[in-house]
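Peer 1: Chains as they are written, first to last, in the numbering used here: chain A, 1 to 290; chain B, 1001 to 1290.
Positions of the beta carbon are idealized from the N, C-alpha and C atoms, including for glycine.
If you're wondering where the values come from, they're calculated on a predicted model, not measured in any experiment.
#1: If distances are taken between C-alpha atoms only, which option among A:25, A:201, A:271, A:262 comes closest to residue 9 of chain A?
#2: Figure out for me which residue from B:1169, B:1185, B:1152 has the closest Cα to the Cα of residue 195 of chain A.
#3: Cα-Cα, which of A:285, A:288, A:277, A:230 is closest to residue 260 of chain A?
#4: Just verifying my parser: in three-state terms, what is the DSSP assignment at residue 1142 of chain B?
#5: Put residue 64 of chain A into one of helix, strand or coil per three-state DSSP.
#6: How is the alpha helix (DSSP H) around residue 251 of chain A delimited, first residue to last?
#7: Output yes if chain A places a C-beta closer than 9 angstroms to the C-beta of residue 1199 of chain B; else output no.
#8: Below 8 angstroms, can you find three or more Cβ-Cβ pairs linking the segment 58-71 of chain A to the segment 30-48 of chain A?
#9: Please check the pair residue 1278 of chain B and residue 1011 of chain B, which I expect to be a contact at CB under 8 angstroms, by giving their CB distance rounded to whole angstroms.
#10: Can you tell me the Cα-Cα spacing of residue 42 of chain A and residue 103 of chain A, whole angstroms?
#11: Hey, does residue 1133 of chain B have any beta-carbon neighbour from chain A nearer than 9 angstroms?
#12: Any idea if residue 20 of chain A is buried or exposed, counting beta-carbon neighbours within 10 angstroms, 16 or more meaning buried?
#13: Any residues in the segment 103-136 of chain A with a beta carbon nearer than 8 angstroms to a beta carbon of chain B? Which ones, in chain order?
#14: Would you say residue 1187 of chain B lies against chain A (beta-carbon separation less than 9 angstroms)?
#15: Which partner residues does residue 1189 of chain B have in the DSSP bridge list?
#16: Buried or exposed: residue 151 of chain A, going by 16 or more other Cβ atoms within 10 Å of its Cβ?
#17: Less than 9 angstroms between the beta carbons of residue 146 of chain A and residue 1173 of chain B, yes or no?
#18: Starting from residue 37 of chain A, follow the beta strand (DSSP E) in both directions and report where the run begins and ends.
#19: Does DSSP classify residue 1194 of chain B as helix, strand or coil?
#20: Can you find the residues in the same chain that come closer than 6 angstroms, C-beta to C-beta, to residue 167 of chain A, ignoring five residues on each side of it along the sequence?
#21: Could you please give the first and the last residue of the uninterrupted beta strand (DSSP E) stretch that includes residue 283 of chain A?
#22: Please work out which residues of its chain come closer than 7 angstroms, Cβ to Cβ, to residue 1143 of chain B, disregarding the five sequence neighbours upstream and downstream, and give them in chain order.
#23: Start and end of the beta strand (DSSP E) containing residue 1028 of chain B?
#24: So the alpha helix (DSSP H) residue 1205 of chain B belongs to, where does it begin and stop?
#25: Between the Cα of residue 1214 of chain B and the Cα atoms of B:1205, B:1227, B:1286, which residue gives the shortest distance?
#26: For the beta strand (DSSP E) that contains residue 234 of chain A, what are its first and last residues?
#27: Where residue 1013 of chain B and residue 180 of chain A are concerned, what is the direct C-alpha to C-alpha distance, given to the nearest angstrom?
#28: Looking at the C-beta of residue 65 of chain A, does it have a partner C-beta in chain B at a distance below 9 angstroms?
#29: Nearest chain A C-beta to residue 1279 of chain B closer than 9 angstroms, yes or no?
#30: Check each candidate in A:59, A:48, A:49 and name the one with the smallest Cα separation from residue 23 of chain A.
#31: Does residue 284 of chain A get closer than 9 angstroms to chain B when you measure Cβ to Cβ?
#32: Under 9 angstroms between the Cβ atoms of residue 124 of chain A and residue 1127 of chain B?
#33: Report yes or no: is there a C-beta of chain A within less than 9 angstroms of the C-beta of residue 1193 of chain B?
#34: From the DSSP output, in three-state form, read off residue 1104 of chain B for me.
#35: For a cutoff of 9 angstroms on Cβ pairs, would you count residue 1161 of chain B as touching chain A?
#36: Between residue 258 of chain A and residue 221 of chain A, is the Cβ-Cβ spacing less than 9 angstroms?
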């Protein structure tokens, strides 16, 4: 029998700590950490995520502002919106909700965000720091959440075989690099991988970030493995992970559920980054004034 | 019997093509591609490398300038030197020979280079592009050389199991990301990897970039594998690779020798990047003037 990793409970614990730190920050600095979220268009899933992020900010004693731009916005309008938020000293963190409408280039938009306000950690400068293992200003939220969830099991990462299934810029690749930094032997698989089951079933720690409902099945899981399910697939049967939870749960040593696993921790990491952004902005202001 | 991948011959072929392109560029633009190399201190190996790079530039019809700073230079002196080269329009590529003396921070220095002059591809912005698979201005030279050497064998990369042994910022990690981009299933191993032989011997393509003489031995190599040896270990017996060449060469399908494998191709990639830098600078100048 595997232990279910309760991401929801972990996130609540972390959010309580962040709320205390945010309160301290407000009372000592006189500033309130503020996150700006830019939403382009009306993708229903994106609307849900943005609402959750806004609510989480407020519950943690931070402010949030949501800028909603129409689906047919031009790229330069989105860039202008970011530039105005870059110049607004009351805004500490800026996040562009992905995916963007197809006619807008994600890279053009993301790289306009000031690296010191890039709380999603997706700016090229922050990604460059991540690959080199330099202290990045901000770790991308989902990969950071994955690390926290694995650490919570007490299973040591060092020397373990880790398989990351999925190679997205937002999850798979940065997660692989963070696990490598913690001294795991890391394999990255994807749609072109031959014999996925053979590779995945060697993993002591298996990260599923493919975006295909229940794709990871029993024979792909090593007995006792830590299984982290990043999938959030909206189906008629509700939210479904990338892992066949019911099939796998008795073989895995630890497993995250969907929902209630990676999702809540990802939002908690965003709050953490926003608070860090505010603290850094305050420190910069302080050093300028003295 | 394996086929020896002749990196020296490949590099010569590439350099001939680059010399023709450089000549065309000079005659159409009236500018000569120019590489500036900064060498801090008097590490003998670094001196050899710098000399080779300078000579290679000249033989390809490009200019080079070498700035030698004393071993006890302060970090800010090295940074000043870079800033002056950043501002010099006649310089198209800037390279800081690594390693730097221990009292100087590599990251502080490298990130001062203008990304559009960063012909080594090590600036955070260029690394960030690399991880995301965006067109980077410049690919790091050794990883780019590795890709060319693998492609020269005719062995398809897509779907293959690749094992990269070594996780440096300059070779291991960027090489892994480039191979992933070409749809290999990539595993990164290092000093903390448990059962290296077991993992490495599954590789269809094995990249050795550890810096330990003859560490990759027969039992770590799958019969027929492509073996790329990045090691350049100076020993009493001369230059020795990370692969036990004599022991492995009959089992591998293809193998690079040391010297004469990765090294010459790395320098050819640097020349390629320098020419690209000059072409880009010229295009920017042109678009400004019109």
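Peer 2: Walking through what the data contain:
#1: Here residue 9 of chain A refers to the residue found at position 9 of the first chain. The residue with the shortest Cα to Cα distance from residue 9 of chain A is A:262.
#2: Within the first chain, the letter at position 195 stands for residue 195 of chain A. Among B:1169, B:1185, B:1152, the Cα nearest to that of residue 195 of chain A belongs to B:1185.
#3: Position 260 of the first chain, counted from the first residue, corresponds to residue 260 of chain A. Minimum Cα distance to residue 260 of chain A is reached at A:230.
#4: Mapped onto the second chain, residue 1142 of chain B falls at position 142. Three-state DSSP puts residue 1142 of chain B in a helix.
#5: By 1-based counting over the first chain, the position of residue 64 of chain A is 64. Reduced to three states, the DSSP call for residue 64 of chain A is strand.
#6: The count along the first chain starts at 1 and reaches residue 251 of chain A at position 251. Element bounds for residue 251 of chain A: n/a, residue is neither H nor E.
#7: By 1-based counting over the second chain, the position of residue 1199 of chain B is 199. Yes, residue 1199 of chain B lies at the interface with chain A (some Cβ there is under 9 angstroms from its Cβ).
#8: yes
#9: Your numbering for residue 1278 of chain B matches position 278 in the second chain. Your numbering for residue 1011 of chain B matches position 11 in the second chain. Not quite, the Cβ-Cβ distance comes to about 20 angstroms (not below 8 angstroms), so this is no contact.
#10: The residue you call residue 42 of chain A lines up with position 42 of the first chain. The residue you call residue 103 of chain A lines up with position 103 of the first chain. Approximately 15 angstroms between the Cα atoms of the pair.
#11: Within the second chain, numbered from 1, the residue matching residue 1133 of chain B stands at position 133. Judged by the 9 angstroms Cβ criterion, residue 1133 of chain B is in contact with chain A.
#12: Walking along the first chain from the start, residue 20 of chain A turns up at place 20. Exposed: under 16 other Cβ atoms inside 10 Å.
#13: 107, 123, 124, 125, 126, 127, 128, 129, 130, 131, 132, 133, 134
#14: The residue labelled residue 1187 of chain B in the question sits at position 187 within the second chain. So, interface residue.
#15: Position 189 of the second chain, counted from the first residue, corresponds to residue 1189 of chain B. Partner(s): B:1165.
#16: Taking the first residue of the first chain as 1, we reach residue 151 of chain A at position 151. Counting Cβ neighbours within 10 Å, residue 151 of chain A comes out exposed, since fewer than 16 surround it.
#17: Numbered from 1 along the first chain, position 146 holds the residue referred to as residue 146 of chain A. Numbered from 1 along the second chain, position 173 holds the residue referred to as residue 1173 of chain B. No. Outside cutoff.
#18: Mapped onto the first chain, residue 37 of chain A falls at position 37. Run containing residue 37 of chain A: 34-40, per the beta strand (DSSP E) assignment.
#19: Within the second chain, the letter at position 194 stands for residue 1194 of chain B. Three-state DSSP puts residue 1194 of chain B in coil, outside helix and strand.
#20: By one-based count along the first chain, residue 167 of chain A stands at place 167. So the qualifying residues of the chain are 173, 188, 190.
#21: Looking up residue 283 of chain A in the first chain gives position 283. Premise fails: residue 283 of chain A lies in the alpha helix (DSSP H), 262-288, not in any beta strand (DSSP E).
#22: Here residue 1143 of chain B refers to the residue found at position 143 of the second chain. Closer than 7 angstroms at the Cβ level, and outside the excluded window around residue 1143 of chain B, lie 1171, 1174, 1175, 1178.
#23: Here the question's residue 1028 of chain B lines up with position 28 in the second chain. No beta strand (DSSP E) contains residue 1028 of chain B, which is instead part of the alpha helix (DSSP H) from 1007-1029.
#24: Residue 1205 of chain B sits at position 205 when you count from the first residue of the second chain. It is not in any alpha helix (DSSP H) - residue 1205 of chain B instead sits in the beta strand (DSSP E) that spans 1205-1208.
#25: Counted from its first residue, the second chain places residue 1214 of chain B at position 214. Of B:1205, B:1227, B:1286, the residue nearest in Cα terms is B:1227.
#26: As a position in the first chain, residue 234 of chain A is number 234, starting the count at 1. From DSSP, the beta strand (DSSP E) with residue 234 of chain A extends over 233-235.
#27: Here residue 1013 of chain B is taken as the residue at index 13 of the second chain, counted from 1. Here residue 180 of chain A is taken as the residue at index 180 of the first chain, counted from 1. Rounded to whole angstroms, residue 1013 of chain B to residue 180 of chain A spans 37 angstroms at the Cα level.
#28: By one-based count along the first chain, residue 65 of chain A stands at place 65. No, residue 65 of chain A lies away from the interface with chain B (no Cβ there is under 9 angstroms from its Cβ).
#29: Here residue 1279 of chain B corresponds to residue number 279 of the second chain, with the count starting at 1. With 9 angstroms as the cut-off, residue 1279 of chain B does not count as an interface residue toward chain A.
#30: One-based indexing of the first chain puts residue 23 of chain A at position 23. Nearest of A:59, A:48, A:49 to residue 23 of chain A, Cα basis: A:59.
#31: In the first chain, the residue the question calls residue 284 of chain A occupies position 284. No, residue 284 of chain A does not count as interfacial toward chain B.
#32: Stepping through the first chain from its first residue, residue 124 of chain A is reached at position 124. Stepping through the second chain from its first residue, residue 1127 of chain B is reached at position 127. Yes, the pair counts as a contact, with Cβ atoms nearer than the cut-off.
#33: As a first step, residue 1193 of chain B is located in the second chain; it is residue number 193 there, counting from the start. Taking Cβ atoms only, chain A reaches closer than 9 angstroms to residue 1193 of chain B, which makes this a yes.
#34: Counting from 1 along the second chain, the entry for residue 1104 of chain B is found at position 104. In this structure, residue 1104 of chain B counts as coil in the three-state DSSP scheme.
#35: For this step, residue 1161 of chain B is matched to residue 161 along the second chain. Closer than 9 angstroms to some Cβ of chain A, the Cβ of residue 1161 of chain B qualifies, so yes.
#36: Position 258 of the first chain, counted from the start, is the residue given in the question as residue 258 of chain A. Position 221 of the first chain, counted from the start, is the residue given in the question as residue 221 of chain A. Cβ atoms of residue 258 of chain A and residue 221 of chain A: not closer than 9 angstroms.
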